[in-house]
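Trainee: Pasting in a structure now, in structure tokens, and then I'll have a few things to ask.
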Amino acid sequence: MDVHQLALLARQPSAVLTERRSFWGMPKRGLALILANAMFWQPLLVQAEGIVVSGPNTSLSQAGNGVPIVNIATPNASGLSHNQYQQFNVESQGVILNNSTNQTQNTQLGGIIVGNSNLRGTAATTILNEVVGANASQLKGYTEVAGQAARVIVANPYGISCNGCGFINTPQVTLTTGKPVLDANGQLQRFNVQGGSISIDGVGLNADNVDQFDIITRSAKINAELHAKRLNIIAGRNDVDAQTLNATALADDGSAKPELAIDSSALGGMYAGTIRLVGTEAGVGVR
Numbered sequence: 073m074d075v076h077q078l079a080l081l082a083r084q085p086s087a088v089l090t091e092r093r094s095f096w097g098m099p100k101r102g103l104a105l106i107l108a109n110a111m112f113w114q115p116l117l118v119q120a121e122g123i124v125v126s127g128p129n130t131s132l133s134q135a136g137n138g139v140p141i142v143n144i145a146t147p148n149a150s151g152l153s154h155n156q157y158q159q160f161n162v163e164s165q166g167v168i169l170n171n172s173t174n175q176t177q178n179t180q181l182g183g184i185i186v187g188n189s190n191l192r193g194t195a196a197t198t199i200l201n202e203v204v205g206a207n208a209s210q211l212k213g214y215t216e217v218a219g220q221a222a223r224v225i226v227a228n229p230y231g232i233s234c235n236g237c238g239f240i241n242t243p244q245v246t247l248t249t250g251k252p253v254l255d256a257n258g259q260l261q262r263f264n265v266q267g268g269s270i271s272i273d274g275v276g277l278n279a280d281n282v283d284q285f286d287i288i289t290r291s292a293k294i295n296a297e298l299h300a301k302r303l304n305i306i307a308g309r310n311d312v313d314a315q316t317l318n319a320t321a322l323a324d325d326g327s328a329k330p331e332l333a334i335d336s337s338a339l340g341g342m343y344a345g346t347i348r349l350v351g352t353e354a355g356v357g358v359r
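Structure (structure tokens):
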């Protein structure tokens with residue numbers, strides 16, 4: 073190569089130094105905006121599926137297969153993780169309540185997930201999921217506790233429906249329309265039930281893998297099969313002890329009463345080793 077050829081090459085624009093102004097036919101600025109929006113909206117996609125967190129110490133993420141993960145709040149000295157939501161719905165793919173203090177945790181619903189840093193090394197013994205927004209909860213899939221097993225409570229005064237719901241890795245599940253009341257030490261003391269209804273619909277509920285299943289509400293409608301080992305249904309306007317489930321009827325406040333406290337007359341049926349039915353409201357029947 074002579075001097076004239078070198079001079080000619082020197083005048084050619086370098087391919088390495090050429091600035092690309094577009095990718096896949098799209099301006100770089102537009103592509104950057106799309107990527108930024110994707111990263112911003114990804115956590116909100118979990119919320120759009122039915123879980124909207126209200127409390128400051130609870131966060132949402134997703135497993136690799138898309139199953140929503142609730143990274144539960146730091147438990148207090150009583151072992152209670154108190155999580156609040158504007159809405160709490162479980163879709164058919166289920167949801168994972170992350171109670172794992174490990175770096176990674178294997179789960180049935182989501183495979184291997186990252187542990188929950190909110191726990192600060194201490195797992196919860198009770199996971200309280202309290203809905204503070206004016207939206208009833210629809211439970212259409214399984215709720216799994218990742219890591220150490222814990223009692224699971226879903227409390228929603230606007231009502232709860234179960235259609236194909238179930239629970240994994242928990243000894244006790246409580247569905248209630250009562251407001252959770254904590255004492256000065258942060259212990260869950262009782263549920264104050266003023267109204268609301270809990271229904272078992274569609275394909276029903278299978279809690280055969282749970283030691284104890286509790287329904288605490290003003291009225292319960294069993295429109296589909298309910299399977300459990302030990303079943304408690306407590307209906308009426310009551311203060312219900314969170315541990316013993318002893319119910320204290322509240323004075324009549326003149327509010328409209330349901331026609332039936334417990335209705336299992338439709339297509340439903342209750343199948344359990346032991347069944348305890350309690351209706352405390354005067355003038356309200358059980359069928």
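At position 203 of the sequence shown (counting the first as 1) the number is 275 in this note's numbering, and the numbers step up by one without a gap.
Glycine included, each C-beta is placed from N, C-alpha and C at the ideal position.
(1) So which of Ala221, Ile225, Gln220, Ser327 has the shortest CA-CA distance to Leu211?
(2) Can you list, in chain order, the residues of its chain whose CB lies under 7 angstroms from that of Val275, leaving out five sequence neighbours each side?
(3) Extract the residue ranges of the alpha helix (DSSP H) inside the segment 247-318, only unbroken runs of 4 or more that lie entirely within it.
(4) With DSSP run on the structure shown, which of helix, strand or coil describes Ser150?
(5) What are the complete beta strand (DSSP E) segments, minimum 3 residues, inside the segment 124-195?
(6) Taking the straight line between their C-alpha atoms, what separation do you get for Gln279 and Tyr214?
(7) Inspect the beta-carbon positions of Val204 and Gln259 and report whether they are closer than 8 angstroms.
(8) From Arg309 to Asn281, what does the alpha carbon distance come to, in whole angstroms?
(9) Could you please give me the residues that DSSP links to Ser336 through a beta bridge?
(10) Are the beta-carbon atoms of Leu152 and Thr194 separated by less than 8 angstroms?
(11) Locate the beta strand (DSSP E) running through Gln210, then write down its first and last residues.
(12) Pull the bridge partners of Ala382 from the DSSP assignment, please.
(13) Just the Cα atoms here: how many angstroms apart are Val124 and Gln159?
(14) With which residues is Glu216 paired in a DSSP beta bridge?
(15) What I want to know is whether the C-beta of Gly151 ends up closer than 7 angstroms to one or more non-hydrogen atoms of the ligand MN.
(16) May I ask which residues mark the beginning and end of the beta strand (DSSP E) holding Ser365?
Mentor: Let's see:
(1) The shortest Cα separation from Leu211 among Ala221, Ile225, Gln220, Ser327 belongs to Ile225.
(2) The beta carbon of Val275 sits closer than 7 angstroms to those of Asn235, Gly236, Ala296, all from its chain and outside the five residues before and after it, given in chain order.
(3) Counting only runs that start and end inside the segment 247-318, there is no alpha helix (DSSP H) element of at least 4 residues.
(4) Coil at Ser150, not helix or strand.
(5) Within the segment 124-195, the complete beta strand (DSSP E) runs of at least 3 residues are 131-134, 140-143, 152-160, 167-171, 176-179, 183-186.
(6) Going by the sequence as given, residue 279 is Ala instead of Gln. Roughly 10 angstroms between the two C-alpha positions.
(7) Not closer than 8 angstroms, so no.
(8) Arg309 and Asn281: Cα-Cα distance of roughly 30 angstroms.
(9) DSSP, once it has assigned bridges, lists no residue as partnering Ser336.
(10) In this structure, Thr194 does not lie closer than 8 angstroms to Leu152 by Cβ.
(11) Per DSSP, Gln210 belongs to the beta strand (DSSP E) from 209-211.
(12) Absent from the model: residue 382. The displayed extent of the chain is 73 to 359, so no value can be given.
(13) When rounded, the separation of the alpha-carbon atoms in Val124 and Gln159 is 5 angstroms.
(14) Answer by DSSP bridge pairing, in chain order: Ile168, Ile240.
(15) As for the ligand MN, it is missing from this structure, which has no ligand bound.
(16) The question about residue 365 has no answer here: the residues shown for the chain are numbered 73 through 359.
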